[in-house]
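Numbers given in our numbering equal positions in the sequence shown, counted from 1, plus 54.
Notes follow the structure.
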Amino acid sequence: MKFEYTPGANYADFASGHVLYSAPGHPAFPVRLSLELFERARLLTGRSRVGLWDPLCGAGSIVTTLGLARGEAITQVLATDISEAATTLAAKNLGLLTDDGLRRRARFLAERSDDRAEAAARLCKLRRGVQPITTTVSVIDATREVDVRLVALDGIDVVIADLPYGSQTVWTSDAGNPSRQMLEQLRFHLQDHAVIVLCSNRRADFEDLPESLRAFKHGKRIIKFYRADTS
Ligand SMILES: C[S@@+](CC[C@H](N)C(=O)[O-])C[C@H]1O[C@@H](n2cnc3c(N)ncnc32)[C@H](O)[C@@H]1O
Numbered sequence: 055m056k057f058e059y060t061p062g063a064n065y066a067d068f069a070s071g072h073v074l075y076s077a078p079g080h081p082a083f084p085v086r087l088s089l090e091l092f093e094r095a096r097l098l099t100g101r102s103r104v105g106l107w108d109p110l111c112g113a114g115s116i117v118t119t120l121g122l123a124r125g126e127a128i129t130q131v132l133a134t135d136i137s138e139a140a141t142t143l144a145a146k147n148l149g150l151l152t153d154d155g156l157r158r159r160a161r162f163l164a165e166r167s168d169d170r171a172e173a174a175a176r177l178c179k180l181r182r183g184v185q186p187i188t189t190t191v192s193v194i195d196a197t198r199e200v201d202v203r204l205v206a207l208d209g210i211d212v213v214i215a216d217l218p219y220g221s222q223t224v225w226t227s228d229a230g231n232p233s234r235q236m237l238e239q240l241r242f243h244l245q246d247h248a249v250i251v252l253c254s255n256r257r258a259d260f261e262d263l264p265e266s267l268r269a270f271k272h273g274k275r276i277i278k279f280y281r282a283d284t285s
């Protein structure tokens with residue numbers, strides 16, 4: 055996959071464990087790739103500003119990075135995961151999307167003369183003047199209809215989901231084919247114009263899935279774009 059909207063640059067300020075919080079067992083996602091996928095999906099929705107949902111949010115690194123870097127294009131962020139530990143960490147990261155949260159993080163790092171303080175100060179500058187983003191975090195099983203039905207999906211236009219790879223994170227689901235089950239739920243409950251991006255390095259995750267709108271490979275990652283179900 056060629057990067058069309060995200061020039062080669064130093065994205066280290068957004069890296070997990072830098073200003074963003076990280077923890078063992080919560081894998082992060084490449085920053086430049088998340089920016090590129092977001093932009094491609096946003097363009098496919100036809101909207102300039104979109105609501106963003108990560109249903110397998112883990113530490114929330116994708117949505118927090120996008121909120122920091124592309125805040126002007128995001129109206130709201132929804133982050134859900136089946137793991138309570140993951141959502142706790144995601145909520146902490148999403149706290150960085152508020153002026154207060156980011157300033158506190160910058161102050162904390164500066165007071166300790168931490169090398170990362172400069173990065174935090176740069177992010178504060180970047181966020182200055184950008185409209186606040188509403189964030190919601192909750193624990194749900196993205197493969198269960200009863201759970202997905204309870205989520206407020208009005209205003210969600212783009213979904214980006216980094217599927218569990220089977221090493222650091224695994225699916226927790228009763229479904230025989232969790233990725234298919236999740237995609238079916240998302241396509242059924244989202245509005246027609248919404249775009250769903252699934253990423254995985256396991257071909258098996260895409261077995262028996264409906265035909266995608268677009269498909270790419272990036273290194274070992276397989277990336278597929280789907281439209282919500284218009285039938
Ligand atoms: C690869 S990680 C996502 C990492 C995340 N994209 C990030 O950037 O921090 C996959 C996540 O899927 C979650 N998960 C597994 N089964 C799930 C299910 N049925 N419903 C919701 N989340 C699930 C795991 O708890 C894990 O946090």
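Even glycine gets a Cβ: it sits at the ideal position worked out from N, Cα and C.
CB contact flag (residue i, residue j, <8 Å)
| i | j | result |
| --- | --- | --- |
| Lys-271 | Met-55 | yes |
| Ala-174 | Ala-140 | no |
| Ile-187 | Val-131 | yes |
| Cys-111 | Val-104 | no |
| Asp-259 | Ser-233 | yes |
| Arg-181 | Asp-153 | yes |
| Val-85 | Thr-119 | yes |
| Ser-115 | Ser-167 | no |
| Leu-207 | His-247 | no |
| Tyr-75 | Lys-146 | yes |
| Ala-95 | Val-200 | no |
| Tyr-280 | Arg-256 | no |
| Ala-77 | Leu-143 | yes |
| Leu-91 | Ile-214 | yes |
Assigned exposure category for residue i - 16 Cβ within 10 Å defines buried
| i | result |
| --- | --- |
| Gly-286 | Absent from the model: residue 286. The displayed extent of the chain is 55 to 285, so no value can be given. |
| Thr-197 | buried |
| Asn-64 | exposed |
| Thr-134 | buried |
| Arg-176 | exposed |
| Leu-204 | exposed |
| Ser-254 | buried |
| Gln-239 | buried |
Endpoints, beta strand (DSSP E) assigned at residue i
| i | result |
| --- | --- |
| Gly-121 | Counting along the chain, Gly-121 falls outside any beta strand (DSSP E), though it belongs to the alpha helix (DSSP H) covering 115-123. |
| Arg-257 | From DSSP, Arg-257 is part of no beta strand (DSSP E); its letter is neither H nor E. |
| Arg-268 | 268-272 |
| Val-131 | 128-135 |
| Met-279 | One detail in the question is off: residue 279 reads as Phe in this sequence, not Met. It spans 275-281 - the beta strand (DSSP E) in which Phe-279 sits, taken as one unbroken run. |
| Ile-194 | Careful: Ile-194 lies outside any beta strand (DSSP E) and carries neither H nor E. |
| Ala-215 | 212-216 |
The alpha helix (DSSP H) enclosing residue i, as first and last residue numbers
| i | result |
| --- | --- |
| Gln-185 | Here Gln-185 belongs to no alpha helix (DSSP H), and DSSP marks it neither H nor E. |
| Gly-155 | 153-165 |
| Gln-245 | That residue, Gln-245, is in no alpha helix (DSSP H); it is neither H nor E in DSSP. |
| Ala-140 | 138-148 |
| Asp-108 | Run containing Asp-108: none in the alpha helix (DSSP H); it sits in the beta strand (DSSP E), 104-108. |
| Arg-101 | Where Arg-101 is concerned, there is no enclosing alpha helix (DSSP H), given that its DSSP letter is neither H nor E. |
| Asp-201 | 199-204 |
Beta carbon nearer than 5 Å to a non-hydrogen atom of ligand 1: Phe-83, Leu-110, Gly-112, Ala-113, Ser-115, Ile-116, Asp-135, Ile-136, Ser-137, Ala-140, Asp-195, Ala-196, Thr-197, Asp-216, Pro-218, Thr-223, Trp-225, Thr-226, Ser-227
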